[in-house]
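Protein chains in written order, with our numbering: chain A, 1 to 557; chain B, 558 to 839.
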């Protein structure tokens, strides 16, 4: 059992609420849910849609095929009806012009009869629930959560039942086992990871698709005692986070590519003052404003070279909601251990896609601050940039009696004072760069899916993990011998498994969500391995699993 | 006992106002008896921003124009710290102009000391935001075309609670102003007039000496209109002293949970504390 329901229309028509309610009903009924959104950068009008896939088995991707279309206007219907499965169901109000395979329903008429046209979508929801034989108690429970006003709640429940009365259960589904699953998107999972790691300071400037992290952090700010601040610009954001970190709290900021660009001077500052910080870039297609509400993996090279000058850093691409949670928490430990900036690379697809996941295990999160003991230093004996074998200097925060904690963006000596001599420059650069050796030991290998001894090796990174995993399964089911490598830790670059599998496979194909194959270039640079083929998608819409399968078959034939 | 020890050597020119300002900072901190481990000086880049190099205390020398954001982050992380942001006029009013406006609006509890010599020193004599219109510099060889920025008037209009003007040549008054700024609960701006002996041949020590005139000790510091007039006064007489001083709720106080118990930086972290948040996603 595996169905996809499409809900489309103009911004402002209540798509978001309807999609949320339906996703939650499906989640609470025990199904695996995967809800993607496609929206334009506008508050009213346009053609937006949500696609809710639900199944009784694990799912990791959106698909092209649709089983049910619920269209709020003619245009969105025309754009997507070709994707409807043979036995699929297309639904719209009577006002939408007749179309082959379209079932027109008196949605508006019923809503008006009930005295409030705003319950329109609840009529539609009732119809859909009935068709799939879904649980009305769950629906009522969700409506109660959404509509706090008792009258509105009652009206919506009536609308629900009126909608249901219009049809029979034609494709009844078997409710899943009662699974204790959460339904969460990538940005909220990232925020939870940061909070679990003890982040006490998060600031940023609103920028789609990163803003929902700021929104979630703000919502829990009081409860969790986290300073959350919308600041004047992204330039300020990273400088503030660095100030907070210097003073001893775990600090994070985030944006999308444009805002991340504004942070580069301070990224470099983090490098030389050796102050830990976590920064997330939730990518959207550029250049400049680009496609504000769509997805891309176009900032990889930019992020790898973030900040002027040379200093060690780590770049971790988040692969799915679970990964976002655990890797964000891990990023704080690595930042503290090596006193470096750690950059998390996400994207709009991961940020907004809501997926059912097993509840995050907070007992798996450890907080390792790596702070030195102030008592160990007699008056005037603490040197912030003490030269050590590992390159990591003992870190104190201000407040140590008898010792100053001095950080400086100028090249400095061990104490933190300006020193422009050639000897000191070499000493401090070497000290900082030695940290990269330790960092290389922290790198986790890429995920692997699929067949052993592969003939075809697929390589991708970040949020393509899910679609790639499904594509890999489908290809193997069709008789190919395929294995996929999905990179999360991007920098430092892990080469061992890539070399091993490359030696076995006849062909290596890289799949990316950008126009130039940035990861493939990195692979050539770091592993001296060239892809035989590159599958690149840069239209702002995420690769779906079936699209990867189709594209691969084409290049293989 | 004297703490906040000063270095003997500095990279400042003989006759520069910076050493005088440094001595005033040291004296103000000592007279207030602030333990050095509880004070942080934040600077940007420029001649004025070199001060942390020459005084023994916690310091964060960040980027040109960005001393205020770093200072704000530090203060929010640990409200027990006394935080001084100090840099030059180009740094704070030019490159950091947006941060200046926002810092005032936030009313964050920090002292902001701006060395205002109306010229860029470290980069060799270009106009700063406070350079007079028409003044000739290495880059504005035909004279400065833009109108000068009025930091104190700007601060007052934006709602600053503590606005003062000092002069590096009036040590006693400067120490008094600095002490008041450090004790003030909220954002406190001290614009400190100082000569640049190498690059500004107009606004010399003598030029200031002839014009600066301390305000009457008994003037009403809650009179905004008076303060605004004094802030704008820039001619034969330039009034100095605390122009305006009225406390209002600070940014950190408004969070509720920041003040009152241990500073954020000292609070215990436990991942399980966050686990109840998962309830939102079932």
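Cβ coordinates follow ideal geometry from the N, Cα and C atoms, glycine included.
Three-state secondary structure assigned by DSSP to residue i
{"i": "residue 534 (chain A)", "result": "strand"}
{"i": "residue 753 (chain B)", "result": "coil"}
{"i": "residue 347 (chain A)", "result": "strand"}
{"i": "residue 447 (chain A)", "result": "strand"}
{"i": "residue 300 (chain A)", "result": "helix"}
{"i": "residue 469 (chain A)", "result": "helix"}
{"i": "residue 558 (chain B)", "result": "Residue placement at residue 558 (chain B) is poorly supported in this model, since its pLDDT is 49, which falls under 50; the coordinates still yield a value, given next. In the structure shown, residue 558 (chain B) sits in coil (DSSP, three-state: anything other than H, G, I, E or B)."}
{"i": "residue 893 (chain B)", "result": "This structure cannot speak to residue 893 (chain B), because chain B is shown only from 558 to 839."}
{"i": "residue 16 (chain A)", "result": "helix"}
{"i": "residue 683 (chain B)", "result": "coil"}
{"i": "residue 630 (chain B)", "result": "helix"}
{"i": "residue 748 (chain B)", "result": "strand"}
{"i": "residue 507 (chain A)", "result": "strand"}
{"i": "residue 357 (chain A)", "result": "strand"}
Chain A residues whose Cβ lies nearer than 7 angstroms to that of residue i
{"i": "residue 626 (chain B)", "result": "236, 239, 240, 243"}
{"i": "residue 633 (chain B)", "result": "201, 227, 244"}
{"i": "residue 822 (chain B)", "result": "247, 248, 249, 397"}
{"i": "residue 617 (chain B)", "result": "243, 246, 407"}
{"i": "residue 610 (chain B)", "result": "417, 418"}
{"i": "residue 812 (chain B)", "result": "227"}
{"i": "residue 815 (chain B)", "result": "227"}
From the options, residue whose alpha carbon lies closest to that of residue i
{"i": "residue 179 (chain A)", "options": "A:40, A:358, A:404, A:496", "result": "A:358"}
{"i": "residue 698 (chain B)", "options": "B:710, B:706, B:682, B:709", "result": "B:682"}
{"i": "residue 800 (chain B)", "options": "B:821, B:777, B:811", "result": "B:777"}
{"i": "residue 323 (chain A)", "options": "A:509, A:44, A:461", "result": "A:461"}
{"i": "residue 242 (chain A)", "options": "B:620, B:565, B:594", "result": "B:620"}
{"i": "residue 598 (chain A)", "options": "A:513, A:284, A:125, A:248", "result": "Because chain A spans 1 through 557 in this model, residue 598 (chain A) falls outside it and cannot be assessed."}
{"i": "residue 104 (chain A)", "options": "A:13, A:63, A:167, A:330", "result": "A:167"}
{"i": "residue 455 (chain A)", "options": "A:468, A:502, A:49, A:464", "result": "A:502"}
{"i": "residue 409 (chain A)", "options": "A:471, A:522, A:275", "result": "A:275"}
{"i": "residue 603 (chain B)", "options": "B:648, B:565, B:582", "result": "B:648"}
{"i": "residue 447 (chain A)", "options": "A:170, A:496, A:94, A:288", "result": "A:496"}
{"i": "residue 2 (chain A)", "options": "A:30, A:114, A:53, A:467", "result": "A:53"}
{"i": "residue 724 (chain B)", "options": "B:652, B:700, B:768, B:773", "result": "B:768"}
{"i": "residue 504 (chain A)", "options": "A:42, A:328, A:532, A:457", "result": "A:457"}
{"i": "residue 334 (chain A)", "options": "A:444, A:541, A:517", "result": "A:444"}
{"i": "residue 413 (chain A)", "options": "B:827, B:781, B:610", "result": "B:610"}
{"i": "residue 678 (chain B)", "options": "B:582, B:752, B:733, B:726", "result": "B:752"}
Partner residues on chain A for residue i, Cβ-Cβ distance less than 8 angstroms
{"i": "residue 828 (chain B)", "result": "196, 197, 198, 329, 362, 363, 365, 366, 367"}
{"i": "residue 659 (chain B)", "result": "231, 232, 236"}
{"i": "residue 614 (chain B)", "result": "404"}
Counted within 10 angstroms of its Cβ, other Cβ atoms place residue i as buried (16 or more) or exposed
{"i": "residue 87 (chain A)", "result": "exposed"}
{"i": "residue 453 (chain A)", "result": "exposed"}
{"i": "residue 78 (chain A)", "result": "exposed"}
{"i": "residue 433 (chain A)", "result": "exposed"}
{"i": "residue 84 (chain A)", "result": "buried"}
{"i": "residue 371 (chain A)", "result": "exposed"}
{"i": "residue 562 (chain B)", "result": "exposed"}
{"i": "residue 117 (chain A)", "result": "exposed"}
{"i": "residue 544 (chain A)", "result": "buried"}
{"i": "residue 239 (chain A)", "result": "buried"}
{"i": "residue 737 (chain B)", "result": "buried"}
Chain B contact residues for residue i, given Cβ-Cβ distances below 8 angstroms
{"i": "residue 224 (chain A)", "result": "830, 831, 834"}
{"i": "residue 220 (chain A)", "result": "834"}
Where residue i meets chain B, residues with beta-carbon distance less than 9 angstroms
{"i": "residue 192 (chain A)", "result": "831, 834, 835, 838"}
{"i": "residue 439 (chain A)", "result": "Near residue 439 (chain A) there are no residues of chain B at all, since even the closest Cβ is about 23 angstroms away, more than 9 angstroms."}
{"i": "residue 175 (chain A)", "result": "Simply none; closest approach about 17 angstroms."}
Chain D contact for residue i (CB, 7 angstroms cutoff)
{"i": "residue 445 (chain A)", "result": "Absent from the structure: chain D. Protein chains present are A and B."}
Residues that residue i contacts on chain A, provided the C-beta gap is smaller than 9 angstroms
{"i": "residue 579 (chain B)", "result": "In chain order: nothing, as chain A lies at least about 15 angstroms away."}
Chain-ordered neighbours of residue i on chain B, where CB pairs are closer than 7 angstroms
{"i": "residue 184 (chain A)", "result": "838"}
{"i": "residue 359 (chain A)", "result": "835"}
Which residues of the region 80-96 of chain A have a Cβ closer than 7 angstroms to any Cβ of chain B? Give them in chain order.
none
Mind checking the region 398-424 of chain A against chain B and listing, in chain order, the residues whose C-beta falls within less than 8 angstroms of any C-beta there?
398, 399, 400, 401, 402, 403, 404, 405, 406, 407, 408, 409, 410, 416, 417, 418
Give the residues from the region 704-729 of chain B that approach chain A closer than 9 angstroms (Cβ to any Cβ), ordered along the chain.
none
Give, in chain order, every residue of the region 640-674 of chain B whose Cβ lies closer than 8 angstroms to some Cβ of chain A.
655, 656, 658, 659
At a CB distance below 7 angstroms, what residues from the region 260-285 of chain A approach chain B? Give them in sequence order.
265, 266, 269
Residues of the region 752-771 of chain B in Cβ contact with chain A at a cutoff of 7 angstroms, in chain order, please.
none
Below 8 angstroms between beta carbons is the criterion; list the residues of the region 567-591 of chain B that meet it against any residue of chain A, in chain order.
none
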